[in-house]
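Residue 1 is where the sequence shown starts when you use the UniProt record's numbering, and the numbers rise one by one after that. From the three backbone atoms N, C-alpha and C, an ideal C-beta is built for every residue, glycine too.
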Amino acid sequence: MAAANAPITMREALTLPSIDINPQFITFTHVTMESDKYICVREMAPQNSVVIIDMNMPNQPLRRPITADSALMNPNSRILALKGWILFRCILLMNL
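This is how it looks when you write it as structure tokens:
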């Protein structure tokens with residue numbers, strides 16, 4: 001199929017290692033992308049943190065010292081949803 005007739009056009013916006021994301025954490029269990037607006041990466045070293053990448057400003061990732069099993073940004077507002085296990089299942093919403 002010729003590129004001109006392709007149903008989808010793809011463009012690389014950034015590479016996560018270029019914004020200091022450790023390649024060890026670029027996996028399906030550590031990276032979430034709800035839409036084309038935000039990417040969340042859960043890093044476990046050197047300390048537990050969640051990195052939020054706003055695709056309007058991809059070179060300015062926001063790092064927060066948070067421990068979570070999963071993290072997901074709301075695509076319509078700056079709200080971060082976190083899921084984790086302590087003594088019970090909890091979901092925390094943070095307005096950034």
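Note that the segment 22-30 does not touch the segment 56-66; fewer than 3 beta-carbon pairs, one per stretch, sit closer than 8 Å. Burial state of residue 44 is exposed, judged by a 10 Å Cβ sphere holding fewer than 16 other Cβ atoms.
Residue pairing for residue 52: DSSP places it in a beta bridge opposite 40 and 62. By the beta-carbon neighbour count (other beta carbons within 10 angstroms, threshold 16), residue 6 is exposed. Take residue 62, set aside five residues on each side of it, and the residues of its chain with a beta-carbon closer than 6 Å to its own are 52, in chain order.
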